[in-house]
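A.B. asks: Sharing a structure here in structure tokens format.
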Amino acid sequence: MSAVPDRKIQITFDDNRRLPLLYGEHNANLIRLERQMGVRLTAMGNVLDISGPKSSVESTRKLLASLWQRASADVPIGPAEIDAAMRLANSPDLTDDSRADVPVIRTRRRAVAARGQNQIRYFQAMERSELVLAVGPAGTGKTYLAVAQAVASLQSGRIDRIIISRPAVEAGERLGFLPGDLREKIDPYLRPIYDALNDLLPAEQVERRIGLGEIEIAPLAFMRGRTLSHAFVILDEAQNTTTVQMKMALTRLGEGSRMVVTGDIGQIDLPAGVKSGLVDAIETLDGVEGIEIVRFNDHDVVRLPVVARIIRAYAEAGKAKQPRKTTDGGRR
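Adding 28 to a residue's 1-based position in the sequence shown gives its number in the working numbering.
See below:
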């Protein structure tokens, strides 16, 4: 059997200013691609030679086209972006064009590109639908991308304010007895939202916009009775809402508003016997016009690979603990 012949091709990039984003510091991105793809990359200014087995060379060319699209949108490229491009390259449901044409959310501080097939669906759903339910494990980008879309919408003038809410299940009825004002009471439960806001906006802008009411942080209970017009509403950790709370929140939407509801139905902290409002909403609203449900899984985790393995291990352990049905309908 003859060996697979080597192939060598050459790519020319048309913007030298963005080459550092693509190549990485000290060509770190090229070195990572060489290791993972089994090819040799030789950079000479804006010309890049790819040599190696024919199939690997072609796959690397497609990966570089996808990464260059991100660099052209000023998206920083590191190991996570390279891994994301590889996931997209291996996705059976995407065409070559859609793999290269990755949607990007642009804020004035940074651009954020989709890192997987379900994130692409999420970007598209947030762009076209009034209500999006994003469901899946931690680390899949549900909250961060919702905040990015909200910030981009505010900066472009599509909405007048961002309203962020999250149930404080752990505090229960004791929320009023915690020290501090309302914001200080609820802040610990909204820390992931603040982290995302500070990543997408300068810290002084976050504080200024909160002071002006352009960004509002409110406990879920304080949304009752309001009509939220010309706003981007984010309901985070929605698996910990009750069905009554969820219906109340969803019916707050007013003219020119959009809402993204995020949650992980594998981490419900409600008392036993209380049905999650997110679970109920998924069952009730699936197929309703103007509403989209995006489902993430452990393969969409964009944190360290070990996080995806941890989530997978817990899911498998949970299945193993479930009682098995007997042939007569009973359980063992």
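For each residue, glycine too, the CB sits at the ideal point set by N, CA and C.
Mark residue 109 as exposed unless 16 or more other C-beta atoms lie within 10 angstroms of its C-beta, in which case mark it buried.
C.D. replies: Residue 109 should be labelled buried.
A.B. asks: With DSSP run on the structure shown, which of helix, strand or coil describes residue 36?
C.D. replies: Of the three classes helix, strand and coil, the one that applies to residue 36 here is strand, per DSSP.
A.B. asks: So, under 8 Å CB-CB, residue 173 and residue 140 are touching, yes? Tell me the CB distance rounded to an integer number of Å.
C.D. replies: Sure, about 7 Å apart at Cβ, within 8 Å.
A.B. asks: Which runs of the alpha helix (DSSP H) fall wholly inside the segment 61 to 125 and span at least 4 residues, in chain order?
C.D. replies: Runs found: 82 to 100, 107 to 117.
A.B. asks: Residue 146: buried (16+ other C-beta within 10 angstroms of its C-beta) or exposed?
C.D. replies: It is buried - the Cβ of residue 146 has at least 16 other Cβ atoms within 10 Å.
A.B. asks: For a quick check, are the C-beta atoms of residue 259 and residue 188 less than 8 Å apart?
C.D. replies: In contact: residue 259 and residue 188 (Cβ atoms closer than 8 Å).
A.B. asks: For residue 50 and residue 133, which I take to be in contact (beta-carbon distance under 8 Å), what is that distance rounded to the nearest angstrom?
C.D. replies: Actually they are not in contact, since the Cβ atoms of residue 50 and residue 133 sit about 20 Å apart, beyond 8 Å.
A.B. asks: How close, in whole Å, do the beta carbons of residue 163 and residue 45 come, if the pair is a contact with beta carbons under 8 Å?
C.D. replies: In fact, because the Cβ distance is near 40 Å, the residues do not count as touching under 8 Å.
A.B. asks: Excluding the five sequence neighbours on either side, which residues of its own chain have a C-beta within less than 7 Å of the C-beta of residue 296, listed in chain order?
C.D. replies: Answer for residue 296: 267, 268, 304, listed in chain order.
A.B. asks: What is the DSSP secondary structure of residue 314, counted as helix, strand or coil?
C.D. replies: It is coil, neither helix nor strand.
A.B. asks: Check whether the Cβ atoms of residue 288 and residue 224 sit closer than 8 Å, and answer yes or no.
C.D. replies: It is not a contact, given that the beta carbons lie outside the stated cut-off.
A.B. asks: Nearest by alpha-carbon distance to residue 159: which of 226, 168, 169, 283 is it?
C.D. replies: Taking only the C-alpha atoms, the option nearest residue 159 is 283.
A.B. asks: Please classify residue 72: is it buried, with 16 or more other beta-carbons within 10 angstroms of its beta-carbon, or exposed?
C.D. replies: Exposed is the call here.
A.B. asks: Rounded to whole angstroms, what's the CA-CA distance from residue 441 to residue 136? Just pull it up for me.
C.D. replies: Any answer about residue 441 is impossible in this case: the structure gives the chain only from 29 up to 360.
A.B. asks: At the level of alpha carbons, what is the spacing between residue 274 and residue 193?
C.D. replies: Rounded to whole angstroms, residue 274 to residue 193 spans 12 Å at the Cα level.
A.B. asks: So the beta strand (DSSP E) residue 291 belongs to, where does it begin and stop?
C.D. replies: Looking at the DSSP string, the run of the beta strand (DSSP E) that includes residue 291 is 286 to 291.
A.B. asks: Taking the alpha helix (DSSP H) that residue 254 belongs to, which residues open and close that run?
C.D. replies: Note, residue 254: premise wrong, no alpha helix (DSSP H); not H, not E.
A.B. asks: Are the beta-carbon atoms of residue 182 and residue 190 separated by less than 8 Å?
C.D. replies: Yes.
A.B. asks: Below 8 Å between beta carbons: does that hold for residue 292 and residue 166?
C.D. replies: Going by C-beta atoms, residue 292 is nearer than 8 Å to residue 166.
A.B. asks: Does DSSP put residue 151 in a helix, in a strand, or in coil?
C.D. replies: Helix.
A.B. asks: Among the residues of its own chain, which have a CB less than 7 Å from the CB of residue 178, if the five just before and after it don't count?
C.D. replies: Excluding residues within five positions, the ones whose Cβ falls inside 7 Å are 190, 260, 262.
A.B. asks: Using a 10 Å radius around the Cβ and a threshold of 16 neighbouring Cβ atoms, would you call residue 151 buried or exposed?
C.D. replies: By the neighbour-count rule (16 or more Cβ atoms within 10 Å), residue 151 is buried.
A.B. asks: From residue 276 to residue 252, what distance separates their C-alpha atoms?
C.D. replies: Residue 276 and residue 252: Cα-Cα distance of roughly 7 Å.
A.B. asks: With DSSP as the reference, identify every bridge partner of residue 261, one or two as the case may be.
C.D. replies: Paired residue(s): 191, 287.
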